[in-house]
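Quick notes on the structure that follows.
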Amino acid sequence: VHTNQGGGLRCHLRGRPTLEDNEINGNQGVGVVLTGACEAVLLHNKLHGNVGGGLHCLGDARPSCSENTLFSNHQVGLLVSGRARPVVRLNKVQGNQGPGIVLNAEAGGSYIGNTVMGNFGPGVTVSGTSGPTFEGNKIQLNQGSGAMCWGQACPHFSSNTVHENGEAGLVFGESVTVNVLQNTVFKNAGSGIVLGDHASGVVMGNQITENGALGMLISGQARPDCRENSLKHNKEGGMNSDNLAIMKDFKNLNYVYANAESSSIGAADQCVIV
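Start counting the sequence shown at 1; every next residue gets the next number (full-length UniProt numbering).
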């Protein structure tokens, strides 16, 4: 399905098609749009080079998307909006000219075992009141941060590997409530995990190593519950916050060691836990 003036395929209402082993490329619109209460099954498809993006899940769509490759699209690889709740498993979302995966509005769904790599913006963005679950994904080598979440979103990140992204690993701002559990966050150009504004939730059991700035940065009115995280070999220190109470609790409840040498930290940064 290729080189159409509009999109490639569209499924709406209560459609339940199975799309398997198709190549959907070079269309002027979106490669595949799933909307309404669509319950499509997408398996082993290649969606690439589409001007409007790779795959859009909109409305109340509840598709199952497994082992597809969404690559080199001119905008976002996968957009999930409205109240869509896809199950997205073992896909490759790579080399798209926008972010890899974007969730907004009231979107949710499960994102399991995917590779989100080499996209032009962040690997993943989550906003609105979205409540997705990301488990066991590889989010790597994206030009922006690994994942950025804002608004009133309630994302759950567990057992993901977030590494070598062009900015921070995981960023949470505004009024986000997070569960960030047992992820490995390493070798990102910026800090490993950043929480700002009024972000809250639980950050527990993560391995945060070898990032280009801090292991963790907590600023503004952010008040996460941080426990049993391991922060080591981060270039600008283990953790920093503008709240001394957070600093004290963090040092007692987490493992912070072998980060930047104290001699490399400037006078303005003396509260950094190294």
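For each residue, glycine too, the CB sits at the ideal point set by N, CA and C. Quick caveat, the model's predicted, so the values are computed rather than measured.
So the candidates are the options; which of them puts its Cα closest to the Cα of residue i?
i, options, result
"SER200", "MET239, HIS12, ILE218, THR35", "ILE218"
"GLU20", "GLY8, ASN206, ASN68, CYS38", "ASN68"
"VAL87", "GLY100, PRO132, ASN229", "PRO132"
"LEU253", "ASN160, GLN140, ARG227", "ARG227"
"SER230", "ALA213, ALA222, ASP242, LYS251", "LYS251"
"HIS44", "ALA260, ALA61, ASN22, ALA37", "ASN22"
"GLY8", "GLY15, GLY54, ALA107", "GLY54"
"VAL194", "ALA213, LEU170, SER81, SER158", "LEU170"
"VAL274", "GLY100, GLN140, ASP242, GLU236", "GLU236"
"VAL1", "CYS38, ALA40, LEU13, HIS48", "HIS48"
"ALA168", "LEU181, VAL176, LEU141", "LEU141"
"LEU181", "PHE134, GLY146, LYS187", "PHE134"
"CYS65", "GLY108, LYS232, LEU90", "LEU90"
"GLY77", "ALA40, THR125, SER130, ALA107", "THR125"
"SER46", "VAL80, LEU103, ILE24", "Per the sequence presented here, residue 46 reads as Lys, with Ser not at that position. Closest by alpha carbon: ILE24."
Could you name the residues of the same chain whose beta carbon sits closer than 6 Å to that of residue i, not counting the 5 residues immediately before and after it, in chain order?
i, result
"GLY151", "SER127, GLY128, GLU174"
"GLY29", "GLY6, GLY7, GLY52"
"residue 276", "Because the chain is modelled from 1 through 274, residue 276 falls outside the range shown and cannot be assessed."
"GLY26", "HIS2, THR3, GLY49"
Kindly list the residues whose CB is nearer than 7 Å to the CB of residue i, restricted to its own chain and excluding five residues on each side of it in sequence; keep chain order.
i, result
"ILE246", "ILE218"
"ARG10", "VAL33"
"GLN221", "ASP197, HIS198"
"LYS232", "THR209, TYR257, ALA258, ASN259"
"GLY108", "ARG85, SER130, GLY131, PRO132"
To the nearest angstrom, how far is it from the Cα of residue i to the Cα of residue j?
i, j, result
"PRO17", "ASP197", "43 Å"
"ASN92", "ASN165", "Residue 92 is actually Lys in this sequence, not Asn. Each residue's alpha carbon lies about 16 Å from the other."
"ALA84", "ALA260", "44 Å"
"PHE172", "MET239", "16 Å"
"ALA258", "GLY215", "11 Å"
"VAL202", "LEU42", "34 Å"
"GLY212", "GLN143", "14 Å"
"ASN4", "HIS74", "15 Å"
"GLU210", "ALA189", "9 Å"
"SER191", "ALA105", "27 Å"
"SER262", "ILE101", "Caution applies to SER262, whose pLDDT of 48 falls short of 50 and renders its modelled position unreliable; the value that the coordinates give is listed next. Straight-line Cα distance between these residues: approximately 38 Å."
"GLY123", "ILE139", "6 Å"
"SER264", "GLY146", "In this prediction, SER264 has a pLDDT of 45, which is less than 50 and means its spatial position is unreliable; nothing more can be read from the coordinates."
"THR35", "TYR255", "46 Å"
"HIS163", "GLU39", "33 Å"
"GLN97", "SER130", "23 Å"
"residue 328", "LEU103", "The structure shown does not extend to residue 328, since the chain is modelled only from 1 through 274, so no value can be given for it."
"HIS56", "LYS187", "31 Å"
Using C-beta distances below 8 Å, list every residue in its chain close to residue i, excluding the 5 sequence neighbours before and after it, in chain order.
i, result
"ASN137", "TYR111, ILE112, GLY113, ASN114, THR115, VAL116, ASN160, THR161"
"residue 301", "The chain is shown only over 1 to 274; residue 301 falls outside these bounds and no answer can be derived."
"SER241", "LEU217, ILE218, SER219, MET247, PHE250, CYS271"
"ALA37", "LEU13, ARG14, GLY59, ASP60, ALA61, ARG62"
"ALA267", "Residue placement at ALA267 is flagged as unreliable, the pLDDT there being 37, under the threshold of 50; the coordinate-derived value follows with that caveat. Taken in chain order, the list of residues that qualify is empty."
"ASN183", "PHE157, SER158, SER159, ASN160, THR161, VAL162, LEU170, ASN206, GLN207"
Between which two residues does the beta strand (DSSP E) harbouring residue i extend?
i, result
"ALA199", "Here ALA199 belongs to no beta strand (DSSP E), and DSSP marks it neither H nor E."
"ASP249", "Looking at the DSSP string, ASP249 is not in any beta strand (DSSP E); the run it does join, the alpha helix (DSSP H), is 244 to 253."
"ASN179", "177 to 181"
"ARG62", "Here ARG62 belongs to no beta strand (DSSP E), and DSSP marks it neither H nor E."
"VAL124", "124 to 126"
"LEU214", "From DSSP, LEU214 is part of no beta strand (DSSP E); its letter is neither H nor E."
"VAL157", "Looking at the sequence itself, residue 157 is Phe, so the reference to Val does not match. Looking at the DSSP string, the run of the beta strand (DSSP E) that includes PHE157 is 156 to 158."
"CYS226", "223 to 227"
Taking residue i as part of the alpha helix (DSSP H), name the residues at either end of that continuous run.
i, result
"ILE273", "Note, ILE273: premise wrong, no alpha helix (DSSP H); not H, not E."
Assuming residue i and residue j make a contact with CB atoms under 8 Å, what is their CB distance in whole Å?
i, j, result
"ILE208", "ASN234", "7 Å"
"GLY121", "PRO99", "4 Å"
"VAL185", "ASN206", "6 Å"
Tell me, please, whether the CB atom of residue i is closer than 8 Å to any CB atom in chain C?
i, result
"THR125", "Given the protein chain composition of this structure (a single chain), no chain C is represented."
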